[in-house]
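These notes are about the structure you will find just below.
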Amino acid sequence: MLYRKLGQTDIDASVVALGAWAIGGWMWGGCEEADAVRAIQASLDHGVNLIDTAPIYGYGRSERIVGKAIRSRRSQVVLATKCGLRWDLAEPHGVLHFQGDDLGIVRDGTPGKYHVYKYLHPDSIRLELEGSLQRLGTDYVDLYQTHWQDETTPIDETMAALETLRDQGKIRAIGISNANRDQLVAYGPIDGDQERYSMLDRRMEQDGCLEYCRANHISVLAYSPLVHGLLTGKITPQTQFHPGDLRIGNPRFSPDSLRRIQVLLAGFAPIARAHGASLAQLVIAWTFSRPGLTHVLCGARNERQAIENARAGELPLAQDEIEAIDELIRKHLKGQQ
Ligand SMILES: NC(=O)c1ccc[n+]([C@@H]2O[C@H](COP(=O)([O-])OP(=O)(O)OC[C@H]3O[C@@H](n4cnc5c(N)ncnc54)[C@H](OP(=O)(O)O)[C@@H]3O)[C@@H](O)[C@H]2O)c1
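Heads up: the sequence shown is residues 1 to 337, going by this note's numbering.
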């Protein structure tokens, strides 16, 4: 496994990280707790030390499962969680982000069981951190990230609250997520930026955020690098998802899109074969080879996926292989325009 420093800290974090969103079950058609615990422990056994979760993933469930799985191994883990999505406010604050239920986001206009607000007021952050520490069974978080940005709270107030928590030793590094370039710059000296990034999602390159982070020693954590499993090659038009799975109705999982993805992945296959690697491993290794892209947050719901993804952290891709993959992606993306 390859490790990289987190931002300007002395924390060594694995390039392949385990994302614990699906582990909460919410938006992913459920998840077995025993499988999730084994996935987390297998990741640690295979060199992954960076684990990313959030209070909203299963409304606390993901954090509780992560806490249970790492109980006897806390010092081995670079534990990342988030703040700023509140489903438990007595009164509305911040910006309504979505309405949800126990399965996922409610999109049919009916009132959801939960009203989820983007809210980053300092008092709220302090309260949220206490909840996360309790669920995770720890007294510090390694990387604390603002999950979504709240336009009603000035960024300098949010940042001051995070810096105080860092001074108190409750968090070791500060990160943000789902931020545009102006917000990224306004935060100042942070350690991490967690954004959607994959072969098919290149916004961070287009708006200069990736380059900004590289130049300012901010780690970049790519989320959904496998496009929710699409780039593993296992999804076919016949794949059945459980109720609540976010892939149902997503145009990227339509039969037409799947056909085009199969063509892209067929182009990768000889390179993967030459390394004895799977397509998922090749995609993960390509992702952490991008300049400025330091960590790849792979979701995994079971031990097999966790081990396969972790092993990608040892896959060396040669420059000519990276260029060949780039060319195939360029052709694929051009075909979409
Ligand atoms: N900050 C944010 O707003 C934000 C947003 C999204 C994600 N994230 C973070 O990023 C992490 C990863 O995102 P993601 O879960 O969307 O992305 P992903 O890594 O693109 O997809 C994960 C899913 O793909 C399937 N999969 C993973 N590895 C596989 C393998 N080796 N073989 C076959 N299938 C495999 C699994 O689902 P199935 O088994 O069901 O197919 C898994 O749950 C999240 O867990 C979370 O920590 C953050």
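All C-beta atoms in this analysis are idealised placements derived from N, C-alpha and C, irrespective of residue type, glycine included.
Bear in mind the structure is a predicted one, so any value in this text is a computation, not a measurement.
Any non-hydrogen atom of ligand 1 within 8 Å of residue i CB
{"i": "Cys83", "result": "no"}
{"i": "Tyr223", "result": "yes"}
{"i": "Thr164", "result": "no"}
{"i": "Ser257", "result": "no"}
{"i": "Lys234", "result": "yes"}
{"i": "Asp167", "result": "no"}
{"i": "Trp87", "result": "no"}
{"i": "Asp338", "result": "Here the chain comprises residues numbered 1 to 337, so residue 338 is not present and cannot be evaluated."}
{"i": "Ser14", "result": "no"}
{"i": "Gln194", "result": "yes"}
{"i": "Ser177", "result": "yes"}
{"i": "Glu308", "result": "yes"}
{"i": "Ala272", "result": "no"}
{"i": "Ala20", "result": "yes"}
Cut-off 6 Å between Cβ atoms - residues of its own chain near residue i, not counting five sequence neighbours on either side
{"i": "Arg61", "result": "Gly24"}
{"i": "His147", "result": "Ala54, Lys82, Gly84, Leu85 and Ser177"}
{"i": "Leu165", "result": "Ile171"}
{"i": "Gly244", "result": "Gly29, Leu103 and Gly104"}
{"i": "Arg196", "result": "Tyr223 and Ser224"}
Minimum C-alpha distance to residue i - residue among the options
{"i": "Ile176", "options": "Leu162, Leu127 and Gly100", "result": "Leu162"}
{"i": "Leu321", "options": "Asp88, Arg290 and Thr294", "result": "In the sequence as displayed, the identity of residue 321 is Glu instead of Leu. It is Arg290."}
{"i": "Asp342", "options": "Tyr187, Val141 and Asp182", "result": "Outside the shown range of the chain (1 to 337) lies residue 342, about which nothing can therefore be said."}
{"i": "Ala17", "options": "Gln194, Leu265, Val106 and Pro55", "result": "Gln194"}
{"i": "Val95", "options": "Asp256, Gly188, Asp102 and Glu151", "result": "Glu151"}
{"i": "Gln240", "options": "Leu231, Val227 and Ser254", "result": "Ser254"}
{"i": "Leu230", "options": "Gln206, Ser257, His242 and Gly208", "result": "Ser257"}
{"i": "Met199", "options": "Tyr187, Arg181 and Val227", "result": "Val227"}
Close-in-space but distant-in-sequence residues of the same chain around residue i (CB under 8 Å, 5 per side omitted)
{"i": "Asp35", "result": "Arg301, Asn302 and Glu303"}
{"i": "Val15", "result": "Met1, Leu2, Tyr3, Arg4, Phe288, Thr294, His295, Val296 and Gly313"}
{"i": "Asp101", "result": "Gly112, Lys113 and Tyr114"}
Close-in-space but distant-in-sequence residues of the same chain around residue i (CB under 7 Å, 5 per side omitted)
{"i": "Gly292", "result": "Leu210, Glu211, Cys213, Arg214 and Val220"}
{"i": "Ala324", "result": "Ile271"}
{"i": "Val37", "result": "Ile65, Lys68 and Ala69"}
**OP:** Inspect the CB distances between the stretch 307 to 321 and the stretch 274 to 287 and report whether three or more fall short of 8 Å.
**Re:** Yes, they touch.
**OP:** Give, in chain order, every unbroken run of the beta strand (DSSP E) that is at least 3 residues long and sits entirely within the stretch 69 to 152.
**Re:** Unbroken beta strand (DSSP E) stretches of 3 residues or longer found wholly inside the stretch 69 to 152: 78 to 83, 95 to 100, 114 to 118 and 141 to 146, given in chain order.
Original post:
Can you list, in chain order, the stretches of the beta strand (DSSP E) that have 3 or more residues and sit fully within the stretch 235 to 304?
Top reply: Segments of the beta strand (DSSP E) lying fully in the stretch 235 to 304: 295 to 299.
**OP:** Go through the stretch 207 to 234 residue by residue and report every complete run of the alpha helix (DSSP H) that reaches 4 residues or more, in order.
**Re:** Entirely contained in the stretch 207 to 234, the alpha helix (DSSP H) runs reaching 4 residues are, in chain order, 209 to 215.
**OP:** Kindly provide the ranges of any beta strand (DSSP E) runs that are 3 or more residues long and lie completely inside the stretch 170 to 211, ordered along the chain.
**Re:** List check, beta strand (DSSP E) in window: 171 to 177 and 192 to 196.
**OP:** Report yes or no: do the stretch 89 to 107 and the stretch 239 to 256 share at least 3 C-beta pairs separated by less than 8 Å?
**Re:** Result yes; three or more Cβ-Cβ pairs closer than 8 Å.
Original post:
Are three or more beta carbon pairs between the stretch 123 to 139 and the stretch 42 to 59 nearer than 8 Å?
Top reply: Taking a contact to require three or more Cβ pairs closer than 8 Å, the stretch 123 to 139 and the stretch 42 to 59 qualify as touching.
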